[in-house]
């Protein structure tokens, strides 16, 4: 017989024995207990002691029969005493009795048509197919460790995307993450992720300046009282956003960077769960490159290289500043970010964007208050058509009109070597408009029109027109 069960049987026998003892004492003949109040008080005291001991034995039996209960009860006491958030206040922690997992993924099917200006010397071909086919998993290892892994399939390649492990609920520090993930900068257009961005692709300035995902370490926390998020981390500068050969990086160049972000929500309407939000933020990154600093754009529709690029050769240290603004006011929203970099003496490069949208159906964009980025929109009515006894029942989904202006000035510094890229220095302004149709919070159809105004330092200038549509699902 297992040792645990032998102990359980002994405990049961002890409880039965105590019950018999209680019955024997309570059942003393009346003529032998006249007697005094002291005898009654003594019996009552013994009864209370026996009840306390029986409670202890019952708890011991529960611990033997369910060891996990003992773990959680002990951790509850431990958390209540030691779990402190960044502002010094105790934190409410949900106890998890075993590791959890949740399947996640996304599918984007695009069709993009280009109408290029011959003056720019390009004739881009139209595109049709999957822009993204990605699967992954996320979950918790008990209550203080979480993980996420996302793998993307591109033809014969398999790319690492967001893959990390994170320890949570650390006293004062908050959370500590290690792996391959977004650097904490540009919390609106980049960190929010493509699932929730307004247009099919990120802005011209974001693609030119943002480091995106890198290998590294990051600490972050949310301070509830001032409604502030902070994050700071160290990353390998030469990291690939989509490594496809191995989940690591090799090199002795020592190109580590420091990236940080501070964001504040001065107004958040709690009764409506964030239907009205005002958000301010600032990102900063101190970066070093042992070979050369290179900035280049990517087209805002499709998977094509852009027109602009600039480089500063040599071992350079430079700073990147990214202020951010977001206002969600019911169905209306506007967001903007500015990028400024000064790599090298007398060289300054910058870009930015402003975009706005309006939900014709009264819905509103979602906002993650703790990590200060955009999230799943709040769709009031899903799209559906069902034939019922009362006739045809319909739902319209959510309809969103949108517009964006984006700018990149890469006219300073030097042209990259032709072996690196055929892109050259210049200034570009992009104008986008279109609409999104949300069948539900997880499915949408996107329609984008892009007008590009390109002015190269070489004196070449031209205009292009691009049309794109996307069917998107994620879970």
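In the working numbering, the protein residues as written are 232 to 706. Cβ coordinates follow ideal geometry from the N, Cα and C atoms, glycine included. Source: prediction; values computed, not measured.
Strictly under 8 Å for the Cβ-Cβ distance: is residue i near chain C by that measure?
i	result
residue 693	Protein chain content of the structure displayed is limited to a single chain, and chain C is not contained in it.
Classify residue i as buried or exposed, calling it buried when 16 or more other Cβ atoms lie within 10 Å of its own Cβ.
i	result
residue 311	Confidence at residue 311 is low in this model, with a pLDDT of 42, below 50, so the placement of that residue should be treated as unreliable; the coordinate-derived value is given next. Per the 10 Å Cβ criterion, exposed.
residue 448	exposed
residue 657	buried
residue 410	buried
residue 504	exposed
residue 651	exposed
residue 564	buried
residue 431	buried
residue 316	For residue 316, the pLDDT reaches just 49, beneath the cut-off of 50, and the residue's location in the model is therefore unreliable, although a value from the coordinates is still provided. Buried, since its Cβ has 16 or more Cβ neighbours within 10 Å.
residue 715	This structure does not reach residue 715, given that the chain is present from 232 up to 706, and the question cannot be answered.
residue 498	exposed
residue 259	Any reading at residue 259 needs caution, since the residue's pLDDT is 46, under 50, leaving its predicted position unreliable; the model's value is listed next. Exposed.
residue 615	exposed
residue 276	exposed
residue 284	exposed
residue 328	exposed
residue 703	buried
residue 705	buried
residue 490	buried
residue 572	buried
residue 580	buried
residue 429	buried
residue 273	exposed
residue 574	buried
residue 654	buried
residue 309	Note on residue 309: pLDDT 46, under 50, position unreliable in the model; the coordinate value appears next. Exposed.
residue 354	exposed
residue 639	buried
residue 647	buried
residue 621	exposed
Go to residue i, then tell me how far its alpha helix (DSSP H) extends in each direction, as first and last residue.
i	result
residue 629	That residue, residue 629, is in no alpha helix (DSSP H); its beta strand (DSSP E) goes 629-640.
residue 648	That residue, residue 648, is in no alpha helix (DSSP H); it is neither H nor E in DSSP.
Return the Cβ separation of residue i and residue j in integer angstroms, given the expectation that the two are a contact with Cβ distance under 8 Å.
i	j	result
residue 630	residue 590	7 Å
residue 596	residue 559	5 Å
residue 681	residue 540	Contact flag wrong, Cβ pair sits at about 19 Å.
residue 418	residue 518	Going by Cβ atoms, the distance from residue 418 to residue 518 rounds to 18 Å, so no, they are not a contact pair.
residue 701	residue 361	So it is not a contact: roughly 10 Å between Cβ atoms.
residue 363	residue 337	6 Å
residue 399	residue 377	6 Å
Output yes or no for whether 8 Å exceeds the beta carbon distance between residue i and residue j.
i	j	result
residue 604	residue 422	yes
residue 669	residue 610	yes
residue 383	residue 392	yes
residue 350	residue 688	no
residue 388	residue 365	no
residue 173	residue 644	Nothing about residue 173 can be read from this structure; the chain reaches only from 232 to 706.
residue 662	residue 632	no
residue 542	residue 557	no
residue 635	residue 586	yes
residue 342	residue 331	no
residue 660	residue 613	no
residue 561	residue 570	no
residue 508	residue 598	yes
residue 487	residue 466	yes
residue 460	residue 602	yes
residue 348	residue 593	no
residue 676	residue 538	no
residue 522	residue 420	no
residue 637	residue 584	yes
Can you give me the start and stop residues for the beta strand (DSSP E) that residue i sits inside?
i	result
residue 541	536-544
residue 438	Per DSSP, residue 438 belongs to no beta strand (DSSP E); it is in the alpha helix (DSSP H), 435-440.
residue 608	604-609
residue 677	674-687
residue 656	Residue 656 -> no beta strand (DSSP E), and no H or E assigned at all.
residue 348	That residue, residue 348, is in no beta strand (DSSP E); it is neither H nor E in DSSP.
residue 331	Careful: residue 331 lies outside any beta strand (DSSP E) and carries neither H nor E.
residue 513	507-520
residue 560	547-560
residue 531	Where residue 531 is concerned, there is no enclosing beta strand (DSSP E), given that its DSSP letter is neither H nor E.
residue 362	358-372
residue 427	Residue 427 -> no beta strand (DSSP E), and no H or E assigned at all.
residue 588	580-590
residue 712	Lying before the first or after the last residue shown, residue 712 is absent from the chain, which here runs from 232 to 706.
Legend entry - the stretch 368-388 in contact with the stretch 426-446 per 3-pair CB rule at 8 Å: no
Inset, instruction - State whether the stretch 625-639 contacts the stretch 441-448, with contact taken as three or more CB pairs (one from each stretch) at a distance under 8 Å. - result: no
Inset, instruction - Taking 8 Å as the threshold, find out whether the stretch 406-422 comes into contact with the stretch 447-464 through three or more Cβ pairs. - result: yes
Inset, instruction - Tell me, please, whether the stretch 511-525 touches the stretch 543-563 by the rule of three or more beta-carbon pairs shorter than 8 Å. - result: yes
Legend entry - Three CB pairs or more closer than 8 Å across the stretch 693-701 and the stretch 524-536: yes
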